[in-house]
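Note sheet for the following structure.
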Amino acid sequence: MTHTPHTFAVLADGWSVRALNPQVAPEALRDRIAVGIPATVPGEVTLDLVSAGLIADPFDGDNEKHQQWIGDIDWQYRLVFDWHDDGKERHDLVAYGLDTVATVTLNGQLVGNAQNYHRTYRWDVRGQLREGENQLVVTFASSVCESDRREQELGYYPHTEHHAFNQLRKPSYQFGWDWGIDVANAGIWQQIGIDSWSGERLKAVRPLVDVLDDGTGVLTCTVDIERAGKGRVMDPMDAHAGQTPVPFTVALNGNGTDAKVSGVIEAGRDSATVKIAVPDAKLWWPLGYGDQPLYDVAVTTDDGEAEWSGRIGFRAVHVDTRADEVGRPFQIYVNNVPVHARGYNWVPIDAFMSRADRAFYTKRFHDLVESNSNMVRAWGGSIYESDDFYDLADELGVMVWQDFMLACAAYSEDADTRSEIEAEARGQITRLCPHPSLIVWNGSNENYVAYAQWGGYKQALRDDDRPANEYGYGEKGWGDYYYAQLFPQLLAELDPTHVYLPSSPMSFTKFTDANLDTDGTMHIWDVWNRMDYRKYADYTPRFADEFGYQAPPAWSTLTRVVHDEPLEPFGDQMLVHQKAMGGNYKLARGMRSHLTPGDIDDVSYKADGTRDWLIPTDNWDDIEDWHWACQLQQAQAIRFGVEHMRSLEPINAGALIWQLNDDWPVVSWAAVDYDGHRKPLWYASRDFFAPRLATIQPRISKKQWEDRSWEGKRPAADKLALVVLNDTREPWAGTWTVERRTLEGEVLASQRIEVSLGAVDHVTVYLEPEVATFADASSEIIVAVADQPGFARAVFNGAEVIGQKLQAKPLDVKVEKTDHGYAMTLTAHAYARDVFCMADKVDADASVDGGMVTLLPGESVTWSISSDADVDPERFAAPNVLRCANDLKR
Numbered sequence: 001m002t003h004t005p006h007t008f009a010v011l012a013d014g015w016s017v018r019a020l021n022p023q024v025a026p027e028a029l030r031d032r033i034a035v036g037i038p039a040t041v042p043g044e045v046t047l048d049l050v051s052a053g054l055i056a057d058p059f060d061g062d063n064e065k066h067q068q069w070i071g072d073i074d075w076q077y078r079l080v081f082d083w084h085d086d087g088k089e090r091h092d093l094v095a096y097g098l099d100t101v102a103t104v105t106l107n108g109q110l111v112g113n114a115q116n117y118h119r120t121y122r123w124d125v126r127g128q129l130r131e132g133e134n135q136l137v138v139t140f141a142s143s144v145c146e147s148d149r150r151e152q153e154l155g156y157y158p159h160t161e162h163h164a165f166n167q168l169r170k171p172s173y174q175f176g177w178d179w180g181i182d183v184a185n186a187g188i189w190q191q192i193g194i195d196s197w198s199g200e201r202l203k204a205v206r207p208l209v210d211v212l213d214d215g216t217g218v219l220t221c222t223v224d225i226e227r228a229g230k231g232r233v234m235d236p237m238d239a240h241a242g243q244t245p246v247p248f249t250v251a252l253n254g255n256g257t258d259a260k261v262s263g264v265i266e267a268g269r270d271s272a273t274v275k276i277a278v279p280d281a282k283l284w285w286p287l288g289y290g291d292q293p294l295y296d297v298a299v300t301t302d303d304g305e306a307e308w309s310g311r312i313g314f315r316a317v318h319v320d321t322r323a324d325e326v327g328r329p330f331q332i333y334v335n336n337v338p339v340h341a342r343g344y345n346w347v348p349i350d351a352f353m354s355r356a357d358r359a360f361y362t363k364r365f366h367d368l369v370e371s372n373s374n375m376v377r378a379w380g381g382s383i384y385e386s387d388d389f390y391d392l393a394d395e396l397g398v399m400v401w402q403d404f405m406l407a408c409a410a411y412s413e414d415a416d417t418r419s420e421i422e423a424e425a426r427g428q429i430t431r432l433c434p435h436p437s438l439i440v441w442n443g444s445n446e447n448y449v450a451y452a453q454w455g456g457y458k459q460a461l462r463d464d465d466r467p468a469n470e471y472g473y474g475e476k477g478w479g480d481y482y483y484a485q486l487f488p489q490l491l492a493e494l495d496p497t498h499v500y501l502p503s504s505p506m507s508f509t510k511f512t513d514a515n516l517d518t519d520g521t522m523h524i525w526d527v528w529n530r531m532d533y534r535k536y537a538d539y540t541p542r543f544a545d546e547f548g549y550q551a552p553p554a555w556s557t558l559t560r561v562v563h564d565e566p567l568e569p570f571g572d573q574m575l576v577h578q579k580a581m582g583g584n585y586k587l588a589r590g591m592r593s594h595l596t597p598g599d600i601d602d603v604s605y606k607a608d609g610t611r612d613w614l615i616p617t618d619n620w621d622d623i624e625d626w627h628w629a630c631q632l633q634q635a636q637a638i639r640f641g642v643e644h645m646r647s648l649e650p651i652n653a654g655a656l657i658w659q660l661n662d663d664w665p666v667v668s669w670a671a672v673d674y675d676g677h678r679k680p681l682w683y684a685s686r687d688f689f690a691p692r693l694a695t696i697q698p699r700i701s702k703k704q705w706e707d708r709s710w711e712g713k714r715p716a717a718d719k720l721a722l723v724v725l726n727d728t729r730e731p732w733a734g735t736w737t738v739e740r741r742t743l744e745g746e747v748l749a750s751q752r753i754e755v756s757l758g759a760v761d762h763v764t765v766y767l768e769p770e771v772a773t774f775a776d777a778s779s780e781i782i783v784a785v786a787d788q789p790g791f792a793r794a795v796f797n798g799a800e801v802i803g804q805k806l807q808a809k810p811l812d813v814k815v816e817k818t819d820h821g822y823a824m825t826l827t828a829h830a831y832a833r834d835v836f837c838m839a840d841k842v843d844a845d846a847s848v849d850g851g852m853v854t855l856l857p858g859e860s861v862t863w864s865i866s867s868d869a870d871v872d873p874e875r876f877a878a879p880n881v882l883r884c885a886n887d888l889k890r
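Numbering (full-length UniProt numbering), first residue to last: 1 to 890.
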């Protein structure tokens with residue numbers, strides 16, 4: 001029998017969408033949305049309403065709160081399309097993404113129901129298609145109302161935020177988060193179309209890799225098929241009638257390899273596995289540890305009917321969690337080399353995911369790579385990301401920590417939910433297993449720590465009809481079945497080549513204290529919520545996979561959407577764009593003793609009850625100073641925390657900051673705002689995530705450790721040390737000169753240190769007392785410089801900004817027009833701390849290649865400003881544009 005390749009007819013043009021319960025909407029819109037408006041597919045109904053001119057931009061001002069009715073509507077999409085039978089045996093309607101609870105009909109007949117945003121649905125519709133005109137209808141139940149209904153039906157399961165997001169298999173963040181807009185709408189958010197085929201189709205291909213000790217790469221490729229068959233088989237005895245063997249070929253190409261192997265799926269079976277060995281395979285490495293060679297894999301059936309292509313990279317992964325003298329590590333090994341994970345957590349790049357194209361992903365991945373990040377965590381309240389995300393990670397060497405989509409909540413273990421989560425996990429494991437960048441699968445975000453430590457959590461799970469447990473009462477299942485049983489079973493079956501962690505954070509030895517710093521992985525949130533950022537130094541995190549500090553977005557991003565008059569931290573629209581509870585209060589409180597006088601708990605209101613303490617008017621001019629201080633504080637806080645953590649290597653094996661990006665313009669923990677502007681934090685991370693880092697850190701002397709009088713409490717650091725880290729596979733040797741200097745540049749004491757570093761090596765050297773002891777901390781710094789390339793210098797400030805004798809205007813500036821924008825040359829005539837150019841204040845599309853630079857007296861640096869704006873160059877040097885820590889000392 002001769003077969004031709006199957007075809008996929010995309011159904012993209014001609015859709016409309018209407019409201020089935022328009023009475024929920026504002027009266028002026030009811031007639032229009034009841035009749036219907038044009039719909040974009042893939043797309044989301046909120047964007048269709050914007051395109052039709054019925055609502056304003058959801059991101060602007062306080063529009064969010066006026067558009068909540070959208071999530072309460074049942075929306076119906078309709079399409080009339082022509083179809084003509086091409087003679088294929090099978091015609092399937094395939095929906096790659098439906099948001100979320102949907103009923104699908106074709107020509108008035110039920111096709112099927114969807115319950116899961118994270119799944120692909122395929123329905124055999126050969127009996128329902130008509131020659132010529134057909135009508136496809138997809139009806140979405142309101143996600144908000146449906147989640148409430150299911151909560152009434154299944155009972156309350158604890159969750160964060162204000163909607164019962166854990167009742168649906170819909171991304172949690174879409175219901176609103178402490179950085180995210182509430183836009184729980186509906187839509188056909190990925191492609192939908194008719195897949196026509198004959199004989200068989202490739203249902204799944206799982207190309208798994210291993211690397212043997214002798215360097216041989218092994219590809220183990222499992223091929224699953226579906227046969228066209230005769231439709232719904234009523235008699236099980238006829239299930240294999242007429243089946244024939246299906247021969248297939250797996251080809252592996254690239255990096256000097258051209259190999260093929262044949263296999264056959266026997267009649268009565270639907271799966272077969274073949275192997276290809278590649279001697280001296282080119283290995284895939286994380287960024288900074290080596291190259292990222294990729295191999296092409298192609299699977300074809302011999303009749304040419306079905307084909308699949310993808311890419312793999314040969315690398316071996318394991319994690320060391322064996323107990324040591326500190327606790328239990330979470331040390332990732334790639335190709336048997338210990339890798340220090342440096343990077344960010346990732347949230348969706350847009351609140352409306354249908355707008356997230358390859359170009360958008362490429363920009364954010366450039367932000368990762370150019371910040372020296374080698375790992376990104378796809379967080380569990382989000383989505384399983386697009387193919388672009390994982391392809392870019394493969395190409396660029398960015399390791400992926402992938403959460404399953406369960407976050408900050410308890411989840412029902414009823415039969416329907418179990419079935420949906422299993423189908424979702426099977427599909428996503430199969431889709432993502434080929435990617436060499438995928439390193440860690442994680443079962444859930446904060447669900448173990450929630451169960452163990454969040455107030456009222458266990459009480460909410462009480463069920464008196466169940467047998468008593470150790471707490472004295474029965475308890476309904478809360479999701480542990482998924483993390484402890486289902487996911488590891490599925491990974492063992494489908495993809496045993498990756499690391500699995502049941503939850504994040506995760507302490508391996510003490511379930512009731514799931515967030516121990518010395519055991520497993522850790523989230524650090526007390527710093528942001530209530531503690532001074534120096535608290536980071538009290539932790540010894542084995543792997544800190546979530547911690548962060550807030551700041552507003554770039555000035556142009558903020559003022560594009562916030563229009564309060566006057567603009568101030570507690571303006572109505574400002575607070576719409578600040579989702580964290582007490583966020584702007586915490587920003588001001590955190591500055592105490594760093595940028596403003598007093599301690600972190602020393603917050604007092606003026607007698608008239610105003611909040612003027614948020615902007616100290618005695619030395620700051622206006623909201624722009626507050627904005628700069630917040631951004632500076634974010635960078636300084638995270639720099640302090642990460643340099644501390646990295647200085648603990650190899651005890652610390654990873655630091656993943658919350659968060660890289662935003663999904664809308666908002667005050668948040670992001671390093672890059674929604675409009676793509678890199679905050680000061682991003683520039684700081686480019687330095688503190690450098691593969692080779694030198695940092696000066698407080699340390700406890702040997703004498704202190706030997707003095708057992710501190711037993712039971714942490715001893716105070718009484719020494720300073722130079723910590724030199726080489727997170728590369730190349731050795732380094734050189735001499736460091738460490739000097740204590742005045743802010744004017746006078747050398748007060750000096751020490752030379754010979755350092756020799758092997759591959760992935762770390763050295764700590766105590767500084768001599770005359771170098772490490774300040775005579776006047778307010779006017780002295782310590783500077784460490786290497787005589788060989790590879791390391792940036794290290795600077796240790798004797799005092800915080802508020803206590804340092806900084807000149808308010810330490811820079812001489814020259815700005816010139818160039819072919820591609822502007823060149824800014826900065827020369828310091830005094831110590832200039834953390835210099836940053838807010839070029840977006842001049843041109844919202846401008847970017848700068850440098851930032852957060854500290855200059856010693858007499859030093860110069862030239863930055864390139866990319867901008868098409870034709871403006872007076874001196875505007876980029878204006879006092880509100882070119883900032884530094886010094887200017888907060890006016």
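Glycine included, C-beta positions come from ideal geometry on N, C-alpha and C.
Which whole-angstrom value describes the C-beta separation of M405 and L656, a residue pair presumed to lie in contact below a C-beta threshold of 8 Å? What you label residue 405 is simply residue 405 of the sequence shown in a count that begins at 1. What you label residue 656 is simply residue 656 of the sequence shown in a count that begins at 1. That belief does not hold up - the Cβ atoms of M405 and L656 are roughly 18 Å apart, past 8 Å.
With a cut-off of 8 Å on the beta carbons, I'd call K275 and N255 a contact; round off their distance for me. Position 275 of the sequence shown, counting from 1, holds the residue named residue 275. Position 255 of the sequence shown, counting from 1, holds the residue named residue 255. Contact doesn't hold; Cβ gap of about 18 Å is too wide.
Given a threshold of 16 other Cβ atoms within 10 Å of its Cβ, counted over all protein chains shown, does M581 qualify as buried or as exposed? For the purposes of this step, residue 581 is taken as residue 581 along the sequence shown, with counting starting at 1. Exposed is the call here.
Are the beta-carbon atoms of E420 and N116 separated by less than 8 Å? For the purposes of this step, residue 420 is identified with residue 420 of the sequence shown, where counting begins at 1. For the purposes of this step, residue 116 is identified with residue 116 of the sequence shown, where counting begins at 1. In this structure, N116 lies closer than 8 Å to E420 by Cβ.
D99 - partner residues in DSSP beta bridges: Against the sequence shown, residue 99 aligns to sequence position 99. G187, per the DSSP bridge assignment.
So, P286 versus V339, is the Cβ gap smaller than 8 Å? Residue numbering aside, residue 286 sits at position 286 when the sequence shown is read from its first letter. Residue numbering aside, residue 339 sits at position 339 when the sequence shown is read from its first letter. Yes, Cβ-Cβ distance for P286 and V339 is below 8 Å.
Let me know if G108 comes out buried or exposed under the rule of 16 or more other beta-carbons within 10 Å of its beta-carbon. In the sequence shown, counting from the first residue as 1, residue 108 sits at position 108. Classification of G108: exposed, given that the 10 Å Cβ count is below 16.
In whole angstroms, what is the alpha-carbon distance linking Y333 and Q697? Numbered from its first residue, the sequence shown carries residue 333 at position 333. Numbered from its first residue, the sequence shown carries residue 697 at position 697. If I take the Cα positions, the gap works out to 27 Å.
Among S143, W401, Y157, E446, which one has its Cα closest to the Cα of A319? Residue mapping note: residue 319 aligns to position 319 of the sequence shown, counting from 1. The sequence shown places Val at residue 319, rather than the Ala named in the question. The candidate whose alpha carbon is nearest that of V319 is W401.
Since H594 and V801 should fall inside the 8 Å C-beta cutoff, what is the C-beta to C-beta distance between them, to a whole number of angstroms? If you number the sequence shown from 1, residue 594 lands on position 594. If you number the sequence shown from 1, residue 801 lands on position 801. With 8 Å as the limit, H594 and V801 qualify as a contact, their Cβ atoms being about 6 Å apart.
Identify whether H677 lies in helix, strand or coil by the three-state DSSP scheme. Indexing the sequence shown from 1 puts residue 677 at position 677. Looking at H677 - three-state DSSP - the assignment turns out to be coil, as it is neither helix nor strand.
Using the rule of at least 16 other Cβ atoms within 10 Å of the residue's Cβ for burial, across every protein chain shown, is K65 buried or exposed? As a first step, residue 65 is located in the sequence shown; it is residue number 65 there, counting from the start. Classification for K65: exposed.
At what residue ranges does the stretch 298-333 contain a whole run of the beta strand (DSSP E), taking only runs of 3 or more? 307-312, 317-320
Backbone CA spacing between A607 and G381 [nearest angstrom]: Residue 607 sits at position 607 when you count from the first residue of the sequence shown. Residue 381 sits at position 381 when you count from the first residue of the sequence shown. A caution first: A607 carries a pLDDT of 38, below 50, which makes its placement in the model unreliable, though a value can still be read off. Each residue's CA atom was taken as its position, placing A607 and G381 some 43 Å apart.
Using CA atoms only, rank isn't needed, just tell me which of Y411, D599, D403, N726 is closest to Y500. For this step, residue 500 is matched to residue 500 along the sequence shown. The option with the nearest alpha carbon to Y500 is D403.
As a quick exercise: from D414, V785, S507, Q633, pick the residue whose alpha carbon is nearest that of D532. Translated into the one-based positions of the sequence shown, residue 532 becomes position 532. D532 has its Cα closest to that of Q633, out of D414, V785, S507, Q633.
My assumption, with CB atoms under 8 Å, is that R169 sits in contact with H118. Please give the rounded CB distance. Reading the sequence shown from its first residue, position 169 is the one you call residue 169. Reading the sequence shown from its first residue, position 118 is the one you call residue 118. With 8 Å as the limit, R169 and H118 qualify as a contact, their Cβ atoms being about 6 Å apart.
Could you give the residue range of the alpha helix (DSSP H) that holds N515? The sequence position of residue 515 within the sequence shown is 515, counting from 1. Careful: N515 lies outside any alpha helix (DSSP H) and carries neither H nor E.
Could you tell me which whole alpha helix (DSSP H) segments of length 4 or greater appear in the UniProt domain "Beta-mannosidase-like galactose-binding" (36-190)? 45-51, 63-66, 143-154
Is the beta carbon of residue 971 sitting closer than 8 Å to the one on S864? An answer regarding residue 971 cannot be provided, because it is not within the stretch 1 to 890 covered by the chain.
Within the same chain, show all residues whose beta-carbon is closer than 6 Å to that of A844, passing over the 5 residues directly before and after it, in chain order. Numbered from its first residue, the sequence shown carries residue 844 at position 844. S556, listed in sequence order.
DSSP state of K282, grouped into three classes? For the purposes of this step, residue 282 is taken as the residue at position 282 of the sequence shown. In the structure shown, K282 sits in coil (DSSP, three-state: anything other than H, G, I, E or B).
N-terminal and C-terminal residue of the beta strand (DSSP E) that K458 is part of: For the purposes of this step, residue 458 is taken as the residue at position 458 of the sequence shown. Looking at the DSSP string, K458 is not in any beta strand (DSSP E); the run it does join, the alpha helix (DSSP H), is 457-460.
Spatial neighbours of H84 in its chain, beta-carbon cut-off 7 Å, leaving aside the 5 residues before and after: Reading the sequence shown from its first residue, position 84 is the one you call residue 84. By the criterion of a C-beta distance shorter than 7 Å, H84 is surrounded in its chain by E131, once the five residues flanking it on both sides are discounted.
Beta-carbon contacts of E754 that lie in its chain and below 7 Å, excluding the five residues immediately before and after: Here residue 754 refers to the residue found at position 754 of the sequence shown. These residues qualify, in order along the chain: T735.
How would you call R883, buried or exposed, if buried means at least 16 neighbouring beta carbons within 10 angstroms? Counting from 1 along the sequence shown, the entry for residue 883 is found at position 883. The residue in question, R883, is buried, as its Cβ has 16 or more Cβ neighbours within 10 Å.
Give the DSSP-derived three-state secondary structure of K340 in the structure shown. Within the sequence shown, residue 340 is the residue found at index 340, counting from 1. Note on residue identity: the sequence assigns His, not Lys, to residue 340. If DSSP states are grouped into helix, strand and coil, H340 belongs with coil.
For M824, the first and last residue of its enclosing alpha helix (DSSP H): Taking the sequence shown and counting its residues from 1, the one referred to as residue 824 is at position 824. Not the alpha helix (DSSP H): M824 falls in the beta strand (DSSP E), residues 821-828.
Is G14 helix, strand or coil by DSSP? By one-based count along the sequence shown, residue 14 stands at place 14. Three-state DSSP puts G14 in coil, outside helix and strand.
In the DSSP assignment, the beta strand (DSSP E) including E739 goes from what residue to what residue? One-based indexing of the sequence shown puts residue 739 at position 739. Its beta strand (DSSP E) spans residues 732-742.
From G71, I192, Q190, L202, pick the residue whose C-alpha is nearest to that of F165; which is it? In the sequence shown, residue 165 corresponds to position 165, counting from 1. Checked all of G71, I192, Q190, L202; the closest Cα to F165 is G71.
Counting only the same chain and skipping the five closest in sequence on each side, list residues whose C-beta sits under 6 Å from that of E739. Taking the first residue of the sequence shown as 1, we reach residue 739 at position 739. Contacts found: V747, S750, V783.
Under the three-state reduction of DSSP, which class applies to R833: helix, strand or coil? The count along the sequence shown starts at 1 and reaches residue 833 at position 833. In the structure shown, R833 sits in a strand (DSSP, three-state: E or B).
Give the range of the beta strand (DSSP E) segment to which A717 is assigned. Residue 717 sits at position 717 when you count from the first residue of the sequence shown. For A717, no beta strand (DSSP E) segment is defined, and its DSSP state is neither H nor E.
Tell me whether S444 is buried or exposed, calling it buried when 16 or more other Cβ atoms sit within 10 Å of its Cβ. As a working mapping, residue 444 is identified with position 444 in the sequence shown. By the neighbour-count rule (16 or more Cβ atoms within 10 Å), S444 is buried.
Reduced DSSP secondary structure (H/G/I, E/B, other) of C630: What you label residue 630 is simply residue 630 of the sequence shown in a count that begins at 1. Residue state, collapsed to three classes: helix.
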